[in-house]
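Chains Z and V, in that order, are what the protein sequence lines are.
Start counting the first sequence at 1; every next residue gets the next number (the UniProt record's numbering).
Start counting the second sequence at 1; every next residue gets the next number (the UniProt record's numbering).
A short write-up of the structure that comes next.
Number of protein chains: 2
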Amino acid sequence: MKIANGDREVCVASPAAKAPSVGDEKEREADAFVPPLNFAMVDNGVFRSGFPHSANFSFLKSLGLRSVIYLCPEPYPEENEEFLKENGIRLFQFGMDGSQEHFVKIPEHAIREALKVVLDVRNHPLLIHCKRGKHRTGCLVGCVRRLQKWCLTSIFDEYQRFAAAKARVSDQRFIELFDISSVEHLPMSFSCSKRIV
Amino acid sequence: MKIANGDREVCVASPAAKAPSVGDEKEREADAFVPPLNFAMVDNGVFRSGFPHSANFSFLKSLGLRSVIYLCPEPYPEENEEFLKENGIRLFQFGMDGSQEHFVKIPEHAIREALKVVLDVRNHPLLIHCKRGKHRTGCLVGCVRRLQKWCLTSIFDEYQRFAAAKARVSDQRFIELFDISSVEHLPMSFSCSKRIV
C-alpha cells in the first residue's frame, strides 16, 4: 500500500501482504460476517430477520439486496436509512403494532400489500424484517407458505422455530384464516416451485 | 371425464369440473405440500431437512433436486431409492453415527467430502439430510457457514434453532474447530456472496 506524503511515497505493509501471525485468527474473526438476529433464507431471493444494526451492514451488503420490507410503525433509524441509500436499496414500510404480548391484531390489509411486494421478483433480493423476526415477520412468511401450498403443520413448525418460547396462538390463527384468494393470481417464481438452472 | 364402456361412452363428473362444495377446503388441504421435518433453505440451491418420507415426495419433487446428501450409515430405504431413481436424483451417502446422545465423534473427513459435494454447483439443487435434521446436518451446515465467513455467534444461533433442546456442545465445538483451509479454495457461488440477477 502506498501513502502519498508530500512529494515522497511511503510504503507501509498492506494487511493482505503481511506474514501470518498469532493475531490472524482474531483478525479473521473480527472480519467475520454478522447476519442479523434470526436471519434465514425464505426462498430464492427472499430473506427474513430481526432488526438489522450497523454490525450487520457488511453482511447485508453481501446479499446485494434491492429491497427491504419493514413491518414496524416506528420510523427507520437514520443510520439504517443511510445504509439503504448508499446501497440503492428501496424501503417498503408496513407499520404493524407489535407491542402487546398476546392477541395482537395483525392487519390483514398490510400483510396483503406486503405480500404483493414479496411476490414481485423485481424487488428481489429482498429482506423482510420487524424487530425480533418472530411475530410480524413470521405471519408474513406464513402467508407466503400458504401461497406455496404448504400444509399448516409445516407452516407452524417453521413459525415456531423462529418464535420459540414466544410463539403466539393468535399469529398462527391469523396465518390459518388468511384469505389467499386475492393474491393467488400473482406469479410465483420461487425455487420451491421450479428447478433452478 | 369419459369412460369407454363397450360401444357406449359413459360421462362421469370430473373432480376438476365439479361445483365448489364444503369439502373443497379439506381436499385442498389434502393436496398441500408437506416439507420434511426441519426443512429449510440453506442458500441458493441448497436445502436441509430431517429424513424424508413418502408424504414429502411431492414437495421434494417440486424443488427439482439434482442430488441428495444423506449423512446416516443405515442403507437408504427402498421407497426413497425408488423416488430418487424416478426423478433422476443422485445420492451421496456419508455415513456418520448419530446414535449416542452426547460426545458423538463427527468424522472430519466425511464432513470435508460432503462439503465438496455441497460446494459443487453442478450438484444443485441439493438436499442435505440425516434423521432429524439437527446434529449431523447442523454440523455440515455450520461448516458451510464457516466457509461463508459467518461469525460463530450466528452459526451457533442457526444450529440451535434446529437442534433446540437437543443442541450439543460437542457439535458446536466441532464446527468451531473445523479446519476450513483445505476447502477454502473451492468456488463459492452462493447467493450470500453475490447478487442474484
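Cβ atoms here follow ideal geometry from the backbone N, Cα and C, with glycine treated the same way.
Computed from a predicted model, the values in this text were never measured in an experiment.
Where the beta strand (DSSP E) containing residue i begins and where it ends
i	result
residue 43 of chain Z	40-43
Partners in chain Z for residue i, counting only beta-carbon separations shorter than 7 Å
i	result
residue 67 of chain V	Ordered by position in chain Z, no residue passes the 7 Å Cβ test against residue 67 of chain V, which lies about 13 Å from the chain.
Interface residues of chain V facing residue i [CB-CB closer than 7 Å]
i	result
residue 172 of chain Z	In chain order: nothing, as chain V lies at least about 15 Å away.
residue 32 of chain Z	149, 150, 151
N-terminal and C-terminal residue of the alpha helix (DSSP H) that residue i is part of
i	result
residue 136 of chain V	136-147
residue 109 of chain Z	108-119
residue 179 of chain V	No alpha helix (DSSP H) holds residue 179 of chain V; DSSP gives it neither H nor E.
residue 61 of chain Z	57-62
Those residues which DSSP pairs with residue i across a bridge
i	result
residue 92 of chain Z	Z:69
residue 128 of chain V	V:48, V:69
residue 83 of chain Z	For residue 83 of chain Z, which the question treats as bridged, DSSP gives no partner whatsoever.
residue 33 of chain V	Z:150
Partners in chain Z for residue i, counting only beta-carbon separations shorter than 9 Å
i	result
residue 163 of chain V	By Cβ distance, chain Z contributes nothing, its closest Cβ being about 11 Å from residue 163 of chain V, past 9 Å.
residue 114 of chain V	None at all; the shortest Cβ gap to chain Z is about 20 Å.
Contact set between residue i and chain Z, taken where Cβ atoms lie within less than 8 Å
i	result
residue 143 of chain V	None at all; the shortest Cβ gap to chain Z is about 14 Å.
residue 130 of chain V	What residue 130 of chain V touches in chain Z: nothing, since even the nearest Cβ is about 17 Å away.
8 Å Cβ cut-off: residues of chain V touching residue i
i	result
residue 154 of chain Z	33, 34, 35, 39
8 Å Cβ cutoff, residue i in contact with chain B
i	result
residue 35 of chain Z	Although the question refers to chain B, the structure presented lacks it and instead comprises the protein chains Z and V.
Legend entry - Any 3 or more C-beta pairs closer than 8 Å across the stretch 113-122 of chain Z and the stretch 135-145 of chain Z: Verdict: yes, contact present.
Legend entry - Residues, ordered as in the chain, of the stretch 41-53 of chain Z that lie near chain V by beta-carbon distance below 8 Å: 41, 42, 43, 44, 45
Legend entry - Contact the stretch 123-130 of chain Z vs the stretch 28-48 of chain Z: 3+ CB pairs below 8 Å: By the C-beta criterion, the stretch 123-130 of chain Z is judged to be in contact with the stretch 28-48 of chain Z, since at least 3 inter-stretch pairs fall below 8 Å.
Legend entry - At least three beta-carbon pairs within less than 8 Å, the stretch 145-165 of chain V to the stretch 59-76 of chain V: No: the two stretches stay apart, fewer than three of their Cβ pairs being nearer than 8 Å.
Inset, instruction - Please confirm if the stretch 166-184 of chain V is in contact with the stretch 133-140 of chain V, defined as three or more CB-CB distances below 8 Å between the two stretches. - result: yes
Inset, instruction - Evaluate contact between the stretch 73-80 of chain Z and the stretch 75-84 of chain V, counting only Cβ atoms and requiring at least three cross-stretch pairs below 8 Å. - result: no
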